Structures are given as C-alpha cells and as structure tokens.
Amino acid sequence: MAFKFAVIGCGGMGRKHSEVFKAMGKDTVTMAACCDLVPEKALAFQKQFGYFKTYTDYRQMLEEIRPDIVAVTTWNAAHAPCAIAALEAGAHVFCEKPMAMNAAEAQQMKETAERCGRILQIGFVRRFDTDAAEAKKLIDEGRLGDPVYARAFYLRRRGCPGSWFGNKPLSGGGPLIDIGVHVLDLARYLMGNPKPVSVFGTVNDQVHLNCAIAGVTSPWETDDPNVSVYNVEDFVAGEIRFENGATLHMETSYNMNLESEANNVEIYGTKGGLKLNPLELYTEIGQRLINVPVRPDNPFTGIGYENEDKHLIDCILNGTSSMASADDGLQAMKIIDALYESGRTGRSVDL
Ligand SMILES: NC(=O)c1ccc[n+]([C@@H]2O[C@H](COP(=O)([O-])OP(=O)(O)OC[C@H]3O[C@@H](n4cnc5c(N)ncnc54)[C@H](O)[C@@H]3O)[C@@H](O)[C@H]2O)c1
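FYI, in the working numbering the residues of the sequence shown are 2 to 352.
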C-alpha cells in the first residue's frame with residue numbers, strides 16, 4: 002500500500018521534496034496534504050503536485066489526514082513543534098536542516114521519535130551526494146588511515162538569502178546554523194560520526210554593522226525586496242575536538258570580505274587525505290604523495306535531494322535506521338550551540 006505523504010511548509014524546500022516524492026509514483030506515495038501559514042502557497046502546491054487537501058493549521062492536517070510520512074520544510078523555528086506533532090500523530094518525519102533552533106529542541110525531537118518508534122531523518126543532503134558517497138567508500142576502505150583533521154568551509158561574500166534567514170527569532174542564527182551546518186555535518190560524517198567533546202569559536206557581526214554605518218542599507222546580495230531584518234551573525238570560525246582526538250576546523254559566512262566564495266570539505270588522515278567537489282585523493286605511491294583526481298567529472302550534483310528521500314522510504318520499508326539520524330542532527334546542534342556560546346564568552350566550551 003502506498004504511503005500517505007504530507008508536507009508542512011510550501012516554500013522552496015517544500016517544492017523540492019514534493020517533486021521528489023511525486024516522482025516516486027502513486028504506487029509508492031500518494032500526495033495526501035500540504036500545509037502553509039499562507040493559504041495561497043498551499044493552494045499553489047495543490048495545483049502543481051495534486052495534493053488531495055490543503056491546510057493552514059498543521060495540527061488539523063495531522064488529525065484529519067493521519068499521514069505516514071511528513072516533510073517539515075518550514076523556517077527553522079517551526080521545525081521542532083511540527084516534527085514533534087507529526088511523530089506523535091504516528092508519521093515518520095523528514096525534517097530539513099538545521100534540525101532545530103538549538104540542542105534542547107533537538108533532544109526533545111529525538112526523544113519523541115524514540116518514544117513513538119518512528120524515523121526522524123534530518124535533511125543533511127550533502128551526505129547523499131555522489132562525491133560524498135565515493136569519499137566515504139575510500140575512507141571505509143582505509144585509504145586515509147584514521148581521519149585526524151578536517152577542514153570545512155562554506156563562505157559567502159554578501160550572501161544572506163534574505164526573507165526569514167536574517168531574522169534570528171525565525172532562523173536561530175545566521176550562516177552557521179543555515180549553511181555552515183551542511184559542511185560541519187558532512188565533515189563529521191566522513192570522519193566516522195565522532196562525538197564532539199569541546200568547541201572553541203569566534204562569531205562576528207561587524208561587517209553588516211559597518212555596512213549600516215556606511216549607509217549601505219542592504220549589506221547582502223539578494224533579489225528579495227522584502228528584506229528588512231538582519232540581526233544574525235556575519236561569520237563564524239571554530240575548532241571542534243572529538244572524543245577520538247580528531248579535530249575539525251570550520252569557517253562559514255554570509256558576509257565576509259573575501260577574495261571569492263568557497264564551499265568544501267577536506268579530510269586528512271594518518272595515511273592519506275582527500276577533498277570533495279570534485280573528489281581528489283592524496284595518497285602515497287612509491288614514497289611520494291600523489292594527487293589522484295578520483296571523479297573530476299562528478300562534483301556536487303544536487304542528486305542528494307532525491308537520494309535522501311528514497312533513503313527514508315527504504316528505511317521505513319526495511320526497518321533500518323537512517324544514515325542522517327536524529328542523533329546526527331542533535332550532535333550538530335550541540336556543536337552549533339557551543340560555537341555561539343564560545344563566541345559570546347571568548348572561552349572554550351566542553352560538551
Ligand atoms: N537542504 C538544503 O539544501 C536546504 C536549502 C534551503 C533551505 N533549507 C532549509 O529548508 C527549510 C525551509 O527553507 P525554504 O528555503 O524552503 O524557506 P521558505 O521561506 O521558502 O519556505 C518556508 C515556508 O514555511 C512556511 N511556514 C513557516 N511556519 C509554518 C507553520 N508553522 N506551518 C505551516 N507553514 C509554515 C512559510 O509560510 C513558508 O512558506 C529551512 O529550515 C531551511 O534551512 C535546506
């Protein structure tokens with residue numbers, strides 16, 4: 002029997018996941034209901050994807066439709082309440098990244114999934130891309146030895162997406178919680194999901210404040226004419242130490258006075274190293290360290306959105322756990338909370 006699918010949040014990512022679930026076909030998934038605070042957005046989804054019913058209240062939707070799978074694709078502040086309600090209504094949940102506004106909410110979501118016996122998968126889409134899969138295979142084969150150091154960066158020069166992304170009560174923060182979380186999680190995944198034990202970070206918001214002082218009203222490059230709030234950080238840098246002794250250095254920004262934008266993960270091990278996008282391996286051949294372009298033709302492709310949704314279906318059918326689990330979401334939120342706290346206090350934070 003096909004799974005009844007519903008989406009909460011009919012914006013950009015709601016559209017992306019609706020496309021993927023719809024393409025699975027009605028023998029696998031029926032498009033049961035869509036919900037948005039803005040009725041016109043839900044109606045537009047109904048028209049585009051053939052959802053059976055539209056709602057503006059997700060609790061009513063969950064009560065009446067009793068979906069099997071719910072995608073939570075709202076702004077970050079609504080992730081925890083929507084995901085918890087959906088799990089309690091008996092659904093398996095796909096929740097977009099970041100898992101929540103903070104680790105306390107993430108913990109509650111994880112506990113709810115466990116109590117209800119449902120899968121809660123987090124939208125760590127980069128884990129599901131082809132280059133990440135091939136890198137993971139090389140690491141699992143032992144080509145790097147033990148991963149001991151990683152660098153993860155997602156840097157924009159003037160790149161707040163606008164809308165709610167710059168509004169802390171809705172987003173929970175700026176580039177760290179929005180885009181940094183992608184590479185932070187991807188690096189941790191490739192390092193074998195180690196447990197973080199301490200974090201030191203620096204958080205800065207002077208770039209946009211300087212722009213404001215200089216009379217530049219919009220310190221970001223966005224085509225959103227409605228941007229009026231920007232109260233999140235400009236950039237974050239930090240060191241994360243893991244239980245196994247490995248360290249991750251990360252940097253992320255919306256606004257940084259950089260030469261050019263950059264977004265990647267590099268993993269360094271006791272025997273070799275690699276970088277993604279496109280995947281390149283650094284390995285010793287005949288006593289020389291050689292750069293091997295593993296898949297120069299296959300950088301980050303975006304296929305991850307399709308792969309992650311299909312993975313959720315497989316996990317439900319096979320009763321297996323997700324490779325982007327609630328615990329992975331929680332660990333990322335703990336690191337993010339600690340980076341913000343360390344930036345505020347100037348001290349290292351033990352987890
Ligand atoms: N994985 C990725 O690559 C990726 C990319 C972009 C965004 N995201 C994440 O996806 C989520 C959504 O981002 P987006 O770009 O689609 O935002 P968006 O603004 O396009 O859409 C969000 C929608 O959620 C609706 N909404 C908010 N609270 C709601 C509630 N309580 N009930 C019903 N609807 C509600 C809003 O009205 C809006 O239409 C965010 O968490 C974001 O971080 C992930």
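Note that CB positions come from ideal geometry on N, CA and C, so glycine has one too. Source: prediction; values computed, not measured.
Next item on the list: Determine the DSSP secondary structure at Pro148, reduced to helix, strand or coil.
Entry: Here the question's residue 148 lines up with position 147 in the sequence shown. Of the three classes helix, strand and coil, the one that applies to Pro148 here is strand, per DSSP.
Notebook entry, point to check: Gly173 and Met100: beta carbons closer than 8 Å?
Noted result: Within the sequence shown, numbered from 1, the residue matching residue 173 stands at position 172. Within the sequence shown, numbered from 1, the residue matching residue 100 stands at position 99. The answer is no: Cβ separation not under 8 Å.
Margin query: Does the region 113 to 122 come into contact with the region 289 to 303, if we say contact requires no fewer than three beta-carbon pairs (one atom in each stretch) closer than 8 Å?
Written below: Output reads no: the region 289 to 303 does not touch the region 113 to 122.
Margin query: Using a Cβ-based criterion (distance less than 7 Å to any ligand heavy atom), does Ala327 qualify as near ligand 1?
Written below: Position 326 of the sequence shown, counted from the first residue, corresponds to residue 327. Distances taken from the Cβ of Ala327 to the heavy atoms of ligand 1 include none shorter than 7 Å.
Check: Going by DSSP, what residues sit across from Asp351 in a beta bridge?
Finding: To locate residue 351, count along the sequence shown from 1; it is residue 350. Ser199.
Item checked: Span of the beta strand (DSSP E) around Thr271 -> Locating residue 271 in the sequence shown gives position 270, counting from the first residue. Segment: none, Thr271 is in no beta strand (DSSP E) and carries neither H nor E.
Notebook entry, point to check: Helix, strand or coil: how does DSSP classify Lys5 here?
Noted result: Here the question's residue 5 lines up with position 4 in the sequence shown. DSSP places Lys5 in strand when its eight states are reduced to three.
Item checked: Complete runs of the beta strand (DSSP E) confined to the region 2 to 67 [at least 3 residues] -> The region 2 to 67 is shown to contain whole beta strand (DSSP E) runs of 3 or more residues at 4 to 9, 30 to 36, 54 to 56, in chain order.
Notebook entry, point to check: Taking contact to mean at least 3 C-beta pairs separated by less than 8 Å, is the region 262 to 273 in contact with the region 135 to 149?
Noted result: As far as the Cβ criterion goes, the region 262 to 273 touches the region 135 to 149, which means the pair count is three or higher.
Margin query: By the three-class DSSP mapping on this structure, what secondary structure does Ile417 have?
Written below: Absent from the model: residue 417. The displayed extent of the chain is 2 to 352, so no value can be given.
Notebook entry, point to check: DSSP three-state call for Phe154: helix, strand or coil?
Noted result: Residue 154 sits at position 153 when you count from the first residue of the sequence shown. Three-state result, Phe154: strand.
Next item on the list: Locate the beta strand (DSSP E) running through Pro294, then write down its first and last residues.
Entry: Residue mapping note: residue 294 aligns to position 293 of the sequence shown, counting from 1. Looking at the DSSP string, the run of the beta strand (DSSP E) that includes Pro294 is 289 to 296.
Next item on the list: Taking only heavy atoms of ligand 1 into account, decide whether any of them is closer than 7 Å to the Cβ of His80.
Entry: Translated into positions along the sequence shown, residue 80 becomes position 79. For ligand 1, at least one heavy atom lies less than 7 Å from the Cβ of His80.
Next item on the list: Give the secondary structure of Tyr283 by DSSP, where H, G and I count as helix, E and B as strand, and everything else as coil.
Entry: Residue numbering aside, residue 283 sits at position 282 when the sequence shown is read from its first letter. Per DSSP, reduced to three states, the secondary structure at Tyr283 is strand.
Check: Should Asp37 go down as buried or exposed, given a rule of 16 or more other Cβ atoms within 10 Å for buried?
Finding: Taking the sequence shown and counting its residues from 1, one reaches residue 37 at position 36. Buried is the label assigned to Asp37, since at least 16 other Cβ atoms lie within 10 Å of its Cβ.
Item checked: Beta-carbon separation (whole angstroms), Phe243 vs Val293, contact threshold 8 Å -> On the sequence shown, residue 243 is found 242 positions in, with the first residue counted as 1. On the sequence shown, residue 293 is found 292 positions in, with the first residue counted as 1. At roughly 27 Å, the Cβ-Cβ gap does not stay under 8 Å, so Phe243 and Val293 are not in contact.
Next item on the list: Determine, using beta carbons only, whether Arg127 and Ala90 come nearer to each other than 8 Å.
Entry: Counting from 1 along the sequence shown, the entry for residue 127 is found at position 126. Counting from 1 along the sequence shown, the entry for residue 90 is found at position 89. Taking 8 Å as the Cβ cut-off, Arg127 and Ala90 do not qualify as a contacting pair.
Next item on the list: Could you tell me whether the region 147 to 160 touches the region 72 to 79, where touching means 3 or more Cβ pairs closer than 8 Å?
Entry: Touching, no, given that fewer than three Cβ pairs across the two stretches are closer than 8 Å.
Next item on the list: Pair every Cβ in the region 7 to 20 with every Cβ in the region 44 to 52, then say whether three or more of these pairs are closer than 8 Å.
Entry: With the rule of 3 Cβ pairs closer than 8 Å, the region 7 to 20 counts as touching the region 44 to 52.
Notebook entry, point to check: Do Asp179 and ligand 1 come close, with the Cβ less than 7 Å from some heavy atom?
Noted result: As a first step, residue 179 is located in the sequence shown; it is residue number 178 there, counting from the start. For Asp179, the Cβ falls inside the 7 Å cut-off from some heavy atom of ligand 1.
Margin query: Short of 8 Å in beta carbon distance, which residues of its chain neighbour Tyr59, apart from the five on each side in sequence? Order them along the chain.
Written below: Within the sequence shown, numbered from 1, the residue matching residue 59 stands at position 58. Leaving aside the five residues that flank Tyr59 on each side, the residues in its chain whose CB is nearer than 8 Å to its CB run, in chain order, Ile9, Cys36, Cys83, Ala86, Ala87.
Note to self: Between which residues of its own chain and Ser322 is the CB-CB distance below 8 Å, once the five residues before and five after are set aside?
What the structure shows: Taking the first residue of the sequence shown as position 1, residue 322 is located at position 321. Contacts found: Ile120, Cys316.
Margin query: With distance defined between alpha-carbon atoms, name the residue in Gln108, Gly175, Gly273 nearest to Glu285.
Written below: Residue numbering aside, residue 285 sits at position 284 when the sequence shown is read from its first letter. Minimum Cα distance to Glu285 is reached at Gly273.
Notebook entry, point to check: Can you tell which of Phe166, Ile291, Ala92, Ser261 has the C-alpha that lies nearest to the C-alpha of Leu63?
Noted result: As a working note, residue 63 is residue 62 in the sequence shown. Here the closest residue by C-alpha is Ala92.
Check: Is it buried or exposed for Val39, if we count other Cβ within 10 angstroms and need 16 for buried?
Finding: Looking up residue 39 in the sequence shown gives position 38. Classification of Val39: exposed, given that the 10 Å Cβ count is below 16.
Checklist line | Ile336 burial status per 10 Å Cβ neighbour count (16 or more: buried) | finding: Here residue 336 corresponds to residue number 335 of the sequence shown, with the count starting at 1. Label assigned to Ile336: buried.
Item checked: Cβ of Met324 within 8 Å of any chain C Cβ -> The chain inventory of the structure shown lacks chain C, comprising one protein chain alone.
Notebook entry, point to check: Could you check where the alpha helix (DSSP H) with Gly305 kicks off and where it finishes?
Noted result: Translated into positions along the sequence shown, residue 305 becomes position 304. Its alpha helix (DSSP H) spans residues 305 to 319.
Notebook entry, point to check: If we count Cβ pairs, one from each stretch, closer than 8 Å, do we get three or more for the region 228 to 239 versus the region 198 to 207?
Noted result: Three or more Cβ pairs drawn from the region 228 to 239 and the region 198 to 207 lie within less than 8 Å of each other, which places the two stretches in contact.
Item checked: Distance between Glu142 and Trp165 (C-alpha atoms, nearest Å) -> Taking the sequence shown and counting its residues from 1, one reaches residue 165 at position 164. Taking the sequence shown and counting its residues from 1, one reaches residue 142 at position 141. Cα to Cα, Trp165 sits roughly 42 Å from Glu142.
Next item on the list: Can you check DSSP and say which residues form a bridge with Ser254?
Entry: Along the sequence shown, one-based indexing puts residue 254 at 253. Answer is Leu156, Phe236, bridged to Ser254.
Note to self: Restricting to runs no shorter than 4 residues, where is the alpha helix (DSSP H) found entirely within the region 102 to 142?
What the structure shows: Those alpha helix (DSSP H) runs which fall completely within the region 102 to 142 and span 4+ residues are 104 to 117, 131 to 141.
Checklist line | Expected contact under 8 Å - CB spacing of Ala81 and Glu106 to nearest Å | finding: Taking the first residue of the sequence shown as 1, we reach residue 81 at position 80. Taking the first residue of the sequence shown as 1, we reach residue 106 at position 105. Correct: roughly 4 Å between the Cβ atoms.
Check: From this set, Thr55, Gln288, Glu20, Asn278, which residue's C-alpha is nearest Ala34's C-alpha?
Finding: Against the sequence shown, residue 34 aligns to sequence position 33. If you compare the alpha carbons of Thr55, Gln288, Glu20, Asn278 with that of Ala34, the shortest gap goes to Thr55.
Item checked: Pair within 8 Å by beta-carbon distance, Val230 and Asn168 -> Reading the sequence shown from its first residue, position 229 is the one you call residue 230. Reading the sequence shown from its first residue, position 167 is the one you call residue 168. In contact: Val230 and Asn168 (Cβ atoms closer than 8 Å).
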